[in-house]
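Peer 1:
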Amino acid sequence: MSAENIEINRRDFLKIVFGTVAATLAPRGTGVFLVAEDIPVFEPYRLELEGEYLFDPLHDLGQVVLPTWREKLEGNDNFSYLTVDQQDCVIREALGVDDFAEYPSFDREEWLGTQIDIEDLSMREVAMIGPYWPGVEIFEQLGWEQADTLGVQLVEGDHPGSSFMAAQFIGDVETLNPKIAEFGMNLTVV
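Going by the working numbering, the first residue of the sequence shown is number 30, and it counts up by one from there.
1) Distance check for D128 and E148, CA to CA, integer angstroms please.
2) Please state whether DSSP places F198 in a helix, a strand or coil.
3) Where does T217 sit, in a helix, a strand or coil, going by DSSP?
4) Is it the case that the Cβ atoms of Q170 and E81 are separated by a distance below 8 Å?
5) Can you have a look at G142 and say buried or exposed, based on whether 16 or more other CB atoms are within 10 angstroms of its CB?
6) Taking the straight line between their C-alpha atoms, what separation do you get for A123 and N206?
7) Can you check the segment 65 to 110 for any beta strand (DSSP E) of at least 3 residues that lies completely inside it and give the ranges in chain order?
8) Looking only at C-alpha atoms, which of N38, F71, I37 sits nearest to L216?
9) Just to confirm, does I37 get its C-beta within under 7 Å of one of the non-hydrogen atoms of the ligand HEM?
10) For the beta strand (DSSP E) that V181 lies in, which residues bound it at each end?
11) Rounded to the nearest angstrom, what separates D114 and F135 at their Cα positions?
12) Measuring straight from C-alpha to C-alpha, what distance separates R121 and V202?
13) When DSSP builds the beta bridges, which residues end up paired with Q144?
14) Indicate the three-state DSSP secondary structure (helix, strand or coil) for F168 in the structure shown.
15) Report, in whole angstroms, the separation of the C-beta atoms of R75 and V219, which I expect to be a contact under 8 Å.
16) From L83 to D117, what distance separates their C-alpha atoms?
17) D151: which of E103, S192, V119, W162 sits nearest, CA to CA?
18) So R137 packs on M194, CB below 8 Å; how close in whole Å?
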């Protein structure tokens, strides 16, 4: 398999960004010595600033596929492990009804298989499908203290009633990139 055939999504690519190290050391006595030329080097993941917010310029909202209700509920509530009565309670809550009598022809399996509307996602779930999510992931990977050192902070709702979520950078990009490298991230902000 050649490098051209490898497909990778954004989430896995960010894992590589955080997992990339400048050098690998083999324990002494193993007889294995790595030469720098033998270690694969990945191009830095590139984020840009839109105003003060980190975002992925390659993100394409046209490729976003919203989950089905089953996928959403399974991801949030371990839905399949609930009893039928518990599942019905979760479904009624999602529908905003007290009783299925309000939906006499309700088909549970059909509903679970339908794609959800974006309005049915939480602020975090909406952010996860947007171009600002890689910045949020970087913030979360770093933690509060290191992110503060870089001048990065998490913004949840940039004004009252907003569902916006992003990582905000306040500072000079010229000083940001060397600091990012110090933390071992293969990442560039332009």
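Glycine included, every Cβ here is placed at the ideal spot set by N, Cα and C.
Computed from a predicted structure; not experimentally measured.
Peer 2: On the basis of the supplied data:
1) As a first step, residue 148 is located in the sequence shown; it is residue number 119 there, counting from the start. As a first step, residue 128 is located in the sequence shown; it is residue number 99 there, counting from the start. Distance between the alpha carbons of E148 and D128: 22 Å.
2) Residue 198 sits at position 169 when you count from the first residue of the sequence shown. Strand.
3) The count along the sequence shown starts at 1 and reaches residue 217 at position 188. Annotated three-state conformation of T217 is strand, per DSSP.
4) Taking the first residue of the sequence shown as 1, we reach residue 170 at position 141. Taking the first residue of the sequence shown as 1, we reach residue 81 at position 52. For Q170 and E81, no; Cβs fall outside 8 Å.
5) Residue mapping note: residue 142 aligns to position 113 of the sequence shown, counting from 1. Under this definition G142 is an exposed residue.
6) The residue you call residue 123 lines up with position 94 of the sequence shown. The residue you call residue 206 lines up with position 177 of the sequence shown. Approximately 43 Å, taken between the alpha carbons.
7) DSSP runs (the beta strand (DSSP E)) wholly in the segment 65 to 110: 74 to 79, 82 to 84.
8) As a position in the sequence shown, residue 216 is number 187, starting the count at 1. Put simply, of N38, F71, I37 the residue whose alpha carbon is nearest the alpha carbon of L216 is F71.
9) Judged by which ligands are present, the structure shown has none, so any question about the ligand HEM falls away.
10) Numbered from its first residue, the sequence shown carries residue 181 at position 152. V181 -> beta strand (DSSP E) spans 181 to 185.
11) Walking along the sequence shown from the start, residue 114 turns up at place 85. Walking along the sequence shown from the start, residue 135 turns up at place 106. Rounded to whole angstroms, D114 to F135 spans 15 Å at the Cα level.
12) As a working mapping, residue 121 is identified with position 92 in the sequence shown. As a working mapping, residue 202 is identified with position 173 in the sequence shown. Roughly 48 Å between the two C-alpha positions.
13) Here residue 144 is taken as the residue at index 115 of the sequence shown, counted from 1. According to DSSP, Q144 bridges with T97.
14) The count along the sequence shown starts at 1 and reaches residue 168 at position 139. In the three-state reduction of the DSSP assignment, F168 falls in the helix class, which pools H, G and I.
15) If you number the sequence shown from 1, residue 75 lands on position 46. If you number the sequence shown from 1, residue 219 lands on position 190. Confirmed, about 6 Å.
16) As a first step, residue 83 is located in the sequence shown; it is residue number 54 there, counting from the start. As a first step, residue 117 is located in the sequence shown; it is residue number 88 there, counting from the start. In this structure, the CA atom of L83 is about 40 Å from the CA atom of D117.
17) Residue 151 sits at position 122 when you count from the first residue of the sequence shown. Correcting the residue type first, residue 151 is Ser in the shown sequence and not Asp. Out of E103, S192, V119, W162, S192 has the C-alpha closest to the C-alpha of S151.
18) The residue you call residue 137 lines up with position 108 of the sequence shown. The residue you call residue 194 lines up with position 165 of the sequence shown. 32 Å between Cβ atoms; not a contact.
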